[in-house]
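Protein chains in written order, with my numbering: chain A, 30 to 167; chain B, 13 to 102.
Here is the structure we will look at, set down as structure tokens.
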Amino acid sequence: MSAYTEEAAAKFHLQRALAFYESARKLMSQSQRCEPAVLLAYEAMLDAAKALLLADGVNADGCDAVLLALANAAQQAKLPEETHSMVQEAAQIHFKIHRRSLFTLRPQEADALIRNARSFLREVRDRLEQKFGLIDGL
Amino acid sequence: MAAEEKIRAEVEKRFGERLRFCGVRQEGCRLICLVVVDDLSEREEYRLYRLAAELTRSVGLVVVFAPYSSSDFKRRRNLPFESSFGEVEL
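Shown next, in the form of structure tokens:
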């Protein structure tokens, strides 16, 4: 993928992530519907993670590929371990939802995930702006 | 040390005699770990999530924990997800 295409794809994924995040935030504040809000926030984090990886020339597809690529970046000190941990924790909560007959999602877990999604998206936006300059509309 | 052994060792170190069961099953590039512990607190569950991230970085597979308190597990057991770990004796 050329550098221009990586930049365009990274910005696309970040914009999608922000839209997912905004929907998650509204759902939580208006209806306290934890599960759909968490699913949207997790999608936001995965899209933002794809943007972050694309900005570094890594094209990861699928949630496990994204998690492994983030873990690898943290191992190589290209990314703080804390950043990878935030996305991995979201994956744990997502796993809980898919085994809903076995686990109960606590409202505070949903709140924490949405707060983490906000921090992570900010971090990704800042990194993309450092690399590509100001991003229109963000 | 194989990934499964490393996970078991970490979980045993963390919970000691309170650990009732620790099973690891691979699904694609994901390792799912069923962990049953006496009186597992929310804080300990959260720490397991942090451990999952650490282990993912070190073993090169996505580690996901399915943590239970033993009393809760006894109420919910015999569901398909758990039976995929074989017979779970507490």
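The C-beta atom is built at its ideal place from N, Cα and C for all residues, glycine as well.
Can a CB atom of chain B be found closer than 9 angstroms to the CB of SER114/A? yes
Within 9 angstroms of chain C by C-beta, residues of the segment 25-48 of chain B in sequence order: This model lacks chain C altogether; the protein chains it does include are A and B.
For HIS80/A, tell me which candidate among ALA106/A, LEU47/A, ASN101/A, GLN104/A has the shortest Cα-Cα distance. A small fix is needed here, since residue 80/A is Ala in this sequence, not His. Looking at the Cα atoms, LEU47/A is the closest of the given residues.
Just mark ALA77/A as buried or exposed, buried being the case when its beta carbon has 16 or more other beta carbons within 10 Å. buried
If you draw a straight line from the C-alpha of ASP84/B to the C-alpha of PHE41/A, how long is it? 43 angstroms
Considering only their Cβ atoms, is the gap separating PHE77/B from ARG37/B smaller than 9 angstroms? The answer is no: Cβ separation not under 9 angstroms.
Can a CB atom of chain B be found closer than 9 angstroms to the CB of PHE149/A? With 9 angstroms as the cut-off, PHE149/A does not count as an interface residue toward chain B.
Partner residues on chain B for ALA146/A, Cβ-Cβ distance less than 9 angstroms: Those within 9 angstroms of ALA146/A in chain B number zero; the least Cβ separation is about 15 angstroms.
Smallest Cα separation from VAL49/B: which of ALA64/B, LEU31/B, ILE19/B, ALA15/B? LEU31/B
Short of 6 angstroms in beta carbon distance, which residues of its chain neighbour GLY35/B, apart from the five on each side in sequence? Order them along the chain. If we look at GLY35/B and ignore the five residues flanking it on each side, its Cβ neighbours are LEU46, PHE97.
Alpha carbon of VAL67/A to alpha carbon of ARG69/B, nearest angstrom: Each residue's alpha carbon lies about 24 angstroms from the other.
Is DSSP giving GLN105/A helix, strand or coil here? coil
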